[in-house]
Amino acid sequence: MDLNAKIYVAGSRGLVGSAIVRRLKKLGYKNILEKTSKELDLRSQAGVELFFCNERPEYIFLASAKVGGILANNSLPAEFIYDNLMIETNIIHNAHKYKVSKLLFLGSSCIYPKYALQPLKEEYLLTGELEPTNEPYAIAKIAGIKLCQSYRRQYGDNFISVMPTNLYGINDNFNLDTSHVLPALMRKFHEAKLSGAPSVTVWGSGKPRREFLYVEDLADACCFLMQYYNDSEIVNIGTGIDITIAELAAMMADITCFTGEIVYDRTKPDGTPVKYLDISKLTKLGWYAQTPLRAGIEKTYQWFLRNSANLTFQQSHDLNI
Ligand code: GFB
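Quick note: the sequence shown uses the numbering used here, first residue 4, plus one each step.
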């Protein structure tokens, strides 16, 4: 990518999109195009077509999505499948129509079968049933992968798809109803410490295992792959290391200096028992995550402390479009 190339980051207000914008600026890119969801609703076919006709971006990071944790996915299945299908279909089709040089589509590790062998290899896609709590979202993301592969096969478009593991970092969503586990626990432990609450409730059994990648590392991986990867097959992005939710909760209690009790609410779903990625394809290309989990959480917590006063803990579900 030329430093003056016109780069559109879809979803630039969200956790991933904002990290990609920061990374691109650090790398010296000058011509970065961003649109808020108020300026451009990516679910609107006419709106997206007009945007492409006027702006003619050369590169696209498709980081816009309707995202959320296990409860949001389980409660809003229609929104998760509809919004994500509309966003990706509109952007990918117009990227073809307006001859975008390259597009990077962000999927998710939840596209893999619930009981697939671990670590999850890219070839396990579509080899088994999905996790019910986020199947609509996963189907939409799988459709996005197939869109990219089909436009490459039929028209020769250079559209690539990357599959990040669970992400966290600055500018995350801290709404306790819609967020992912790491920001949710950070807020719960922080507020319990401040209020002197005797305990913090963690959803599920604490037994599920998850892999967590610091979003600044993800952004670096996306810029790396946009530069060097030009193949139709999906690429996992992760650390290759997972921990139990209980271990995460204990680490979060330590970092936030919460000394009370951790209790488990088994009425909440555990979701996929284990979900961590085989990252050998990416490491063979020469990329490795740089931020250990504890260091990443501490950096995020420092950001949270500086910003929690004015964080908009969105009541409506997070729509990074
Ligand atoms: O991060 P999370 O919401 O989503 O939940 P998934 C991970 C695990 O943490 C689940 C447990 O077993 C939750 O029950 N957990 C414990 C909590 N306490 C909490 C809490 O306070 N809040 C939340 N949110 N979880 C997501 C998919 O699955 O993975 C998304 O739903 C996406 O679509 C994402 O694919 C990468 O990791 O289970």
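In this text, a Cβ means the ideal position worked out from N, Cα and C, and glycines have one as well.
Spanning the alpha carbons of Ile10 and Ala224 requires a straight line of approximately 16 Å. Per DSSP, Met166 is one residue of the beta strand (DSSP E) stretching across Phe162 to Pro167. Taking 8 Å as the cut-off, the C-beta of Thr130 does not count as close to any heavy atom of the ligand GFB.
A Cβ-Cβ distance of about 12 Å is found for the pair Leu179 and Val205, leaving them out of contact under the 8 Å criterion. When distances are taken from the beta-carbon of Glu134 to the heavy atoms of the ligand GFB, the shortest one is below 8 Å.
CA-CA distance, Leu43 to Glu52, rounds to 11 Å. Every alpha helix (DSSP H) stretch that sits fully inside the stretch 9 to 65 and reaches 4 residues is listed by chain position as 18 to 29 and 48 to 58. Burial state of Lys287 is exposed, judged by a 10 Å Cβ sphere holding fewer than 16 other Cβ atoms. Residue pairing by DSSP places Ala224 opposite no residue, since no beta bridge is assigned to it. When only Cα atoms are considered, Thr259 and Ser208 end up about 22 Å apart.
Taking the Cα positions, Ile23 is about 32 Å away from Ala195.
Excluding residues up to 5 positions away in sequence, Pro201 and Ser202 lie with their Cβ nearer than 7 Å to the Cβ of Glu264 in the same chain. Restricting attention to Ala68, Tyr231, His183 and Gly72, the CA atom closest to the CA of Lys105 is found in Tyr231.
Judged by DSSP secondary structure, Thr303 falls within the alpha helix (DSSP H) whose first and last residues are Leu296 to Asn310. Using a cutoff of 8 Å, the CB of Tyr140 counts as near the ligand GFB, since one of the ligand's heavy atoms is closer than that. In this structure, Arg26 has its beta carbon at no less than 8 Å from each heavy atom of the ligand GFB. Taking C-beta separations shorter than 7 Å and ignoring five residues to either side along the sequence, the partners of Arg269 in its chain run Gly207 and Ser208, following chain order. Lys33 and Tyr62 have their alpha carbons spaced roughly 13 Å apart.
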